[in-house]
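Visitor: Let me begin by handing over the structure; questions about it come next.
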Amino acid sequence: MGKESKSGGCLGWLLAIVILALVVGAIVYAVKQKMDHANDNKPSPVPGPPGAIDKKYADALKIAMQFFDIQKSGKLVNNKISWRGDSGLKDGNEANLDLSKGMYDAGDHMKFGFPMAFTATVLSWAILEYGDQMAAVNQLEPAQQSLKWITDFLINAHPKDNVLYIQVGDPDLDHKCWERPENMKEKRPLTQVNITVPGTEVAAETAAAMASASLVFKTSNSAYSSTLLKHAKQLFNFADKYPASYSENIPEVATYYNSTGYGDELLWAASWLYHATGDRSYLDYATGENGKQFASWGSPTWFSWDNKNAGTQVLLSRLSLFGAKGVSGNSGLRNYRSSAEGVMCGLLPKSPSATSSRTDGGLVWISEWNALQHPVASAFLAALYSDYMLTSQTAKITCGDHSFKPSDLRKFAKSQADYVLGKNPLKMSFLVGYGDKYPQYVHHRGASIPADATTGCTAGFKWLDSTQPNPNVAVGGLVGGPFLNETYIDSRNNSMQAEPTTYNSALIVGLLSSLVTTSSAVKSFT
1 MGKESKSGGC
11 LGWLLAIVIL
21 ALVVGAIVYA
31 VKQKMDHAND
41 NKPSPVPGPP
51 GAIDKKYADA
61 LKIAMQFFDI
71 QKSGKLVNNK
81 ISWRGDSGLK
91 DGNEANLDLS
101 KGMYDAGDHM
111 KFGFPMAFTA
121 TVLSWAILEY
131 GDQMAAVNQL
141 EPAQQSLKWI
151 TDFLINAHPK
161 DNVLYIQVGD
171 PDLDHKCWER
181 PENMKEKRPL
191 TQVNITVPGT
201 EVAAETAAAM
211 ASASLVFKTS
221 NSAYSSTLLK
231 HAKQLFNFAD
241 KYPASYSENI
251 PEVATYYNST
261 GYGDELLWAA
271 SWLYHATGDR
281 SYLDYATGEN
291 GKQFASWGSP
301 TWFSWDNKNA
311 GTQVLLSRLS
321 LFGAKGVSGN
331 SGLRNYRSSA
341 EGVMCGLLPK
351 SPSATSSRTD
361 GGLVWISEWN
371 ALQHPVASAF
381 LAALYSDYML
391 TSQTAKITCG
401 DHSFKPSDLR
411 KFAKSQADYV
421 LGKNPLKMSF
431 LVGYGDKYPQ
441 YVHHRGASIP
451 ADATTGCTAG
461 FKWLDSTQPN
471 PNVAVGGLVG
481 GPFLNETYID
491 SRNNSMQAEP
501 TTYNSALIVG
511 LLSSLVTTSS
521 AVKSFT
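Taking full-length UniProt numbering, the leading residue of the sequence shown gets 1, the next gets one more, and so forth.
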């Protein structure tokens, strides 16, 4: 009897200890959960001036910036590309205009005004947001010079208030040739939009380019900045007063850069004009009835040369995040910010609303043609929004029943950049010239033909069909990218995957600039 009683007492004590341990554990867990929740609501520290340089992204940025030099038309100044020379010197002559500058669109020799203007707008945005980080790796001046090479062209392409030259060259004729731009002898006809044949999206995008660039040069070249802003205002008025799609009025452009609508460009241009002027009428334009009609609030879209809505949503979010004067209570701005966060929620892999359109390697994949445009553009926007959150001490965004920190957005942005730079199943960089393995058969005329070769319009096709790698490296070109199954066919004839574009370059420059180092976001561009 005694032994049984003693045994029972030990069991009782043991049970009591176990219960006590469970209670203590539950209390500790509850306290930890409460602390974690409190930390979730606690904003991350605001970054200071540019910090330590990430060599990988710095090296990639220096390479990416060089593609703009490769694409330049006109009388080259301080030419750093050994296999490039002067070209397009007579462009614009038929209208008594100097349209020799600007940049060739891709691997061909066309100057398409719509994507060229978008290139300028994105490059301006990158400089305005990350100029200090570019400067930290000596890339600010090259970026500004490349931007001015485009805006010089855009100024000359706008000789009258309601006239804008939007294309140099005949794409059908151009694509029947394979030659170096320095050897071009074919006719280079001009295409314009005007009151009789209006084109809202190209006029508005050019207005956005000029307004944003006016901010870039406001301090360093105030006279040039004022000229850009004057053109931007005139072009916006033209775009708004004569609403019509340029690809409907000029059907031949639809084969190459078909627009799916002009409302997004009007909002994009108005937003940039507000930042450039502080004129409240532009903000009212973007946040009022036009916003309701064109902004796709609550319906996330993909940022690209054709659709600017996601970019506008992020751009205008900075006003509410940074508490800009006179904008509190603006319901339109709230809609832009909530829509921007909807875009972010679609990008974050662990978000309940995350897009399923990704490769197995984690690349956002939306389009078979030029697949890298959308993930790089999306990553650029994510990096921007992350920096806005950090600088404004915004701790998190909410996606359904999940919350995410600025660091989650930056992690996504890095994942897309790293994929481009070689962290992918092919272990290949899609940025030409970066890393040990990158495309060798880039669809690019100048790169594919030896610099000392003499070719006419059609004689150069032997270089297109050559089985040898390109004799010249199109350094910094961001090619179209992989298929959904993460394959890439390295062939000059594969323009779907192997052709680089100037607007891709602007986007990758923006993304890499954001990742070179960390610094606080600029609260105002003026």
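Beta carbons: idealized from backbone N, C-alpha and C, even for Gly.
1. Using CA coordinates, which residue listed in N472, P471, E368 is at the minimum distance from N485?
2. Taking 9 Å as the cut-off, decide whether the C-beta atoms of I63 and Y419 are in contact.
3. Using alpha carbons as the reference points, say which of L283, A269, M110, S331 lies closest to W125.
4. Just the C-alpha distance for A38 and S331, rounded to the nearest angstrom, thanks.
5. Grouping DSSP H, G and I as helix and E and B as strand, with all else coil, what is R492?
6. Give me, in chain order, the residues of the same chain whose beta-carbon lies closer than 6 Å to that of C345; leave out the 5 immediate sequence neighbours on both sides.
7. Since I397 sits in a beta bridge, which residues does DSSP pair it with?
8. Under 8 Å: do the segment 386 to 400 and the segment 419 to 428 share three or more Cβ pairs, one atom per stretch?
9. Can you give me the Cβ contacts of K101 inside the same chain, cut-off strictly under 8 Å, excluding the 5 residues immediately before and after it?
10. Looking at the structure shown, is G446 part of a helix, part of a strand, or coil, going by DSSP?
11. In the structure shown, what three-state DSSP assignment does Y57 receive?
12. How many angstroms separate the CA atom of A276 from the CA atom of A203?
13. Compare the C-alpha of A254 against each of E141, S271, P115 and name the closest.
14. With distances taken between CB atoms, is the gap from residue 569 to A239 smaller than 9 Å?
15. With a threshold of 8 Å, establish whether the CB of L348 neighbours any heavy atom of the ligand ADP.
16. Which first and last residues belong to the alpha helix (DSSP H) in which T359 is found?
17. In the DSSP output, what is M103 paired with across the bridge?
18. Can you check the segment 136 to 190 for any beta strand (DSSP E) of at least 3 residues that lies completely inside it and give the ranges in chain order?
19. Identify whether S271 lies in helix, strand or coil by the three-state DSSP scheme.
20. What would DSSP say about I508, mapped onto helix, strand or coil?
21. Going by Cα to Cα distance, which pick from K55, R188, G446, S214 is closest to L123?
22. Please report how far the alpha carbon of M35 lies from the alpha carbon of A521, in whole angstroms.
23. Between which two residues does the alpha helix (DSSP H) containing F294 stretch?
24. Around the C-beta of N504, are 16 or more other C-beta atoms found within 10 angstroms, so that it is buried, or is it exposed?
25. Under three-state DSSP, which class holds K90?
26. Give the C-beta separation of D108 and R358 to the nearest angstrom, bearing in mind that I take them to be a contact with Cβ-Cβ under 8 Å.
27. Taking only the alpha-carbon atoms, compute the straight-line gap between D172 and Y224 and give it to the nearest angstrom.
28. Counting beta carbon pairs with one atom in the segment 440 to 454 and one in the segment 160 to 168, are three or more of them shorter than 8 Å?
29. Only counting the same chain, and skipping five residues up and downstream in sequence, which positions put a Cβ closer than 6 Å to that of A95?
30. Would you call the segment 474 to 494 and the segment 401 to 417 touching, i.e. three or more CB-CB distances under 8 Å?
31. According to DSSP, which residues form a beta bridge with L431?
32. F112 by DSSP, collapsed to three states: which one?
33. For V193, which residues does DSSP report across the bridge?
34. Strictly by DSSP, which residues pair up with V364?
35. Taking just the CA atoms, how far does V168 sit from D98?
36. Classify R280: buried if its beta carbon has 16 or more other beta carbons within 10 angstroms, exposed otherwise.
Guide: By the coordinates alone:
1. Nearest to N485 by C-alpha distance, out of N472, P471, E368, is E368.
2. Going by C-beta atoms, I63 is not nearer than 9 Å to Y419.
3. Check the Cα spacing between W125 and each of L283, A269, M110, S331: the tightest is with A269.
4. For A38, the predicted model reports a pLDDT of 48, less than 50, meaning its position is unreliable and no value from the coordinates is stated.
5. In the structure shown, the three-state DSSP call for R492 is coil.
6. If we look at C345 and ignore the five residues flanking it on each side, its Cβ neighbours are S351, S353, C399.
7. Assignment of beta-bridge partners to I397 by DSSP yields F404.
8. By the Cβ test, the segment 386 to 400 is not in contact with the segment 419 to 428, since fewer than three Cβ pairs between them sit closer than 8 Å.
9. For K101, the CB contacts under 8 Å within the same chain, skipping 5 residues up- and downstream, are K72, S73, G74, W149, I150, D152, F153, N156 in chain order.
10. Helix at G446.
11. The answer is helix: DSSP assigns Y57 an H, G or I state.
12. Computed Cα separation, rounded: 17 Å.
13. Of the listed residues, the one whose Cα sits closest to A254 is P115.
14. Outside the modelled stretch of the chain, which goes from 1 to 526, sits residue 569, for which no answer is possible.
15. The ligand ADP is absent from the structure shown, which contains no ligands of any kind.
16. Note, T359: premise wrong, no alpha helix (DSSP H); not H, not E.
17. When DSSP reads this structure, M103 sits in a beta bridge with K72.
18. You should have 164 to 168.
19. In this structure, DSSP gives S271 a helical state, which the three-state scheme calls helix.
20. Helix at I508.
21. Considering only alpha carbons, the answer is S214.
22. Summary for M35: the model assigns pLDDT 47, below 50, so the residue's position carries little reliability; its value from the coordinates is reported in the next sentence. One C-alpha to the other measures close to 29 Å.
23. 289 to 294 is the span of the alpha helix (DSSP H), which, as asked, contains F294.
24. Under this definition N504 is a buried residue.
25. Coil, per DSSP.
26. Incorrect: roughly 31 Å between the Cβ atoms, too far for contact.
27. Distance between the alpha carbons of D172 and Y224: 36 Å.
28. The segment 160 to 168, when compared against the segment 440 to 454, does not touch it at the 8 Å Cβ threshold.
29. In chain order, L190 place their CB closer than 6 Å to the CB of A95, counting only its own chain and leaving out the 5 sequence neighbours on each side.
30. A contact is defined here as three or more CB-CB pairs under 8 Å, and the segment 474 to 494 fails this definition with respect to the segment 401 to 417.
31. Residue pairing by DSSP puts L431 in a beta bridge opposite L478.
32. Reduced to three states, the DSSP call for F112 is strand.
33. Beta-bridge pairing links V193 to L164.
34. DSSP, once it has assigned bridges, lists R358 as partnering V364.
35. If you draw a straight line from the Cα of D98 to the Cα of V168, it is about 11 Å long.
36. When all chains shown are included, R280 counts as exposed.
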